[in-house]
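In structure tokens:
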């Protein structure tokens, strides 16, 4: 998700102070306060792309993926060469598997401003990778929205372990393997003190998404319970050599 620190060279000047104040609220976690300011801006200036981008960021933080995608799309249509919103739109399109629908907006951006090298890289990647872009490093980090998995995750957060397990297993049976399903089942196994099962499930999850930092930490917790810390560290080190995004976890595994 691109930062909402908008530069005056590339963003609309209208309602600059109001947008800046909304962005401060977003950074502070006051999403209702930010939303109130932004709604007022678009009421007065329906063409304010920066406000729509900020509204998209709020929706993203609230995990309202459809709303985020709609807001980023609106902002990109209003200001086609708005680089920050195009990066945000890429994440939303990855999350909802809508890369083909978003591609024309990226192409339009380059047409309007050929100097947008970052966006040109995105266009080239989309065309070269096709559906494989969803399993690219960025795609794995962003993840793909699945309504039933989200429901199962919420059941897990609410400590409804057996209901969550049933839904995870149903998704697995009907849709095939998902990293989040294995991770969720691993967390349930850990809570039930079936640590060996938890460890195995976290390993299976990492095979599908080797960039999930939470799953590595869960794997390490399970490994401590069954004396497999060295093995867990080896799994992490092997993937860390390939993915720079795992660097932040090196200290945690080195201390283990």
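In the numbering used here, the protein residues as written are 32 to 287.
Each residue gets a CB set at the ideal place from its N, CA and C atoms; glycine is no exception.
Since the model is a prediction, treat every value here as computed from it, not as a measurement.
Those runs of the beta strand (DSSP E) which lie wholly inside the segment 68-110 and span at least 3 residues: If we require 3 residues or more, the segment 68-110 turns out to have no beta strand (DSSP E) run fully inside it.
The segment 113-120 / the segment 158-172 touching (three or more Cβ pairs under 8 Å): Because the criterion of three Cβ pairs below 8 Å is not met, the segment 113-120 and the segment 158-172 do not touch.
Nearest-angstrom Cβ-Cβ length linking residue 137 and residue 154, presumed shorter than 8 Å: On the chain shown, residue 137 is found 106 positions in, with the first residue counted as 1. On the chain shown, residue 154 is found 123 positions in, with the first residue counted as 1. Indeed, because the Cβ distance is near 5 Å, the residues count as touching under 8 Å.
Same chain, Cβ closer than 6 Å to residue 240, neighbours up to 5 away in sequence not counted: Against the chain shown, residue 240 aligns to sequence position 209. Contacts found: 171, 210.
Stretch pair the segment 273-281 + the segment 194-205: three plus CB contacts closer than 8 Å: The way I'd put it, the segment 273-281 doesn't touch the segment 194-205; fewer than three beta-carbon pairs between them come closer than 8 Å.
Proximal residues to residue 125 (C-beta, below 6 Å), its chain only, five neighbours per side dropped: What you label residue 125 is simply residue 94 of the chain shown in a count that begins at 1. The beta carbon of residue 125 sits closer than 6 Å to the beta carbons of 170, 173 from its chain, once the five residues preceding and following it are set aside; these are given in chain order.
Extent of the continuous alpha helix (DSSP H) run through residue 240: Numbered from its first residue, the chain shown carries residue 240 at position 209. Careful: residue 240 lies outside any alpha helix (DSSP H) and carries neither H nor E.
Exposure label - residue 90; buried when at least 16 CB within 10 Å: On the chain shown, residue 90 is found 59 positions in, with the first residue counted as 1. By the neighbour-count rule (16 or more Cβ atoms within 10 Å), residue 90 is buried.
Alpha carbon of residue 233 to alpha carbon of residue 49, nearest angstrom: Mapped onto the chain shown, residue 233 falls at position 202. Mapped onto the chain shown, residue 49 falls at position 18. Our two residues, residue 233 and residue 49, have alpha carbons roughly 45 Å apart in a direct line.
Rounded separation between residue 47 and residue 121 - CA only: On the chain shown, position 16 is the one that residue 47 refers to. On the chain shown, position 90 is the one that residue 121 refers to. The straight-line gap from Cα to Cα measures roughly 25 Å.
Cutoff 8 Å; reference residue 62; Cβ partners in own chain excluding five residues on either side: Here the question's residue 62 lines up with position 31 in the chain shown. If you ignore the 5 residues before and after residue 62, its C-beta comes within less than 8 Å of the C-beta of 56, 89, 92, 93, all in its own chain and listed in chain order.
Range of the contiguous alpha helix (DSSP H) that encloses residue 218: Residue 218 sits at position 187 when you count from the first residue of the chain shown. Per DSSP, residue 218 belongs to the alpha helix (DSSP H) from 210-222.
Anticipated Cβ contact below 8 Å, residue 127 with residue 83, distance rounded: In the chain shown, residue 127 corresponds to position 96, counting from 1. In the chain shown, residue 83 corresponds to position 52, counting from 1. So it is not a contact: roughly 17 Å between Cβ atoms.
Cβ neighbours of residue 76 in the same chain (closer than 7 Å, five flanking residues each side left out): Counting from 1 along the chain shown, the entry for residue 76 is found at position 45. Taken in chain order, the residues that qualify are 45, 46.
Cβ neighbours of residue 260 in the same chain (closer than 8 Å, five flanking residues each side left out): Translated into positions along the chain shown, residue 260 becomes position 229. Within its own chain, the residues whose Cβ lies closer than 8 Å to the Cβ of residue 260, once the five positions on either side in sequence are excluded, are 251, 254, 287, listed in chain order.
Where residue 145 sits in the DSSP three-state scheme: For the purposes of this step, residue 145 is taken as residue 114 along the chain shown, with counting starting at 1. Residue 145 falls in the coil class under three-state DSSP.
For residue 161, the first and last residue of its enclosing alpha helix (DSSP H): For this step, residue 161 is matched to residue 130 along the chain shown. That residue, residue 161, is in no alpha helix (DSSP H); it is neither H nor E in DSSP.
Assigned secondary structure, residue 287 (DSSP; H/G/I helix, E/B strand, else coil): Within the chain shown, numbered from 1, the residue matching residue 287 stands at position 256. Correct three-state label for residue 287: coil.
Pair within 9 Å by beta-carbon distance, residue 123 and residue 96: Along the chain shown, read from residue 1 onward, the residue named residue 123 stands at position 92. Along the chain shown, read from residue 1 onward, the residue named residue 96 stands at position 65. Taking C-beta atoms as the reference points, residue 123 and residue 96 count as a pair closer than 9 Å.
Beta-carbon spacing of residue 58, residue 69 below 9 Å: To locate residue 58, count along the chain shown from 1; it is residue 27. To locate residue 69, count along the chain shown from 1; it is residue 38. At least 9 Å separates the beta-carbon of residue 58 from that of residue 69.
Residue 166 classed as buried or exposed, judged by whether at least 16 other C-beta atoms fall within 10 angstroms: On the chain shown, residue 166 is found 135 positions in, with the first residue counted as 1. An exposed status is given to residue 166, since fewer than 16 other beta-carbon atoms sit within 10 Å of its beta-carbon.
Whole-angstrom distance between residue 196 and residue 207, CA atom to CA atom: Within the chain shown, residue 207 is the residue found at index 176, counting from 1. Within the chain shown, residue 196 is the residue found at index 165, counting from 1. If I take the Cα positions, the gap works out to 15 Å.
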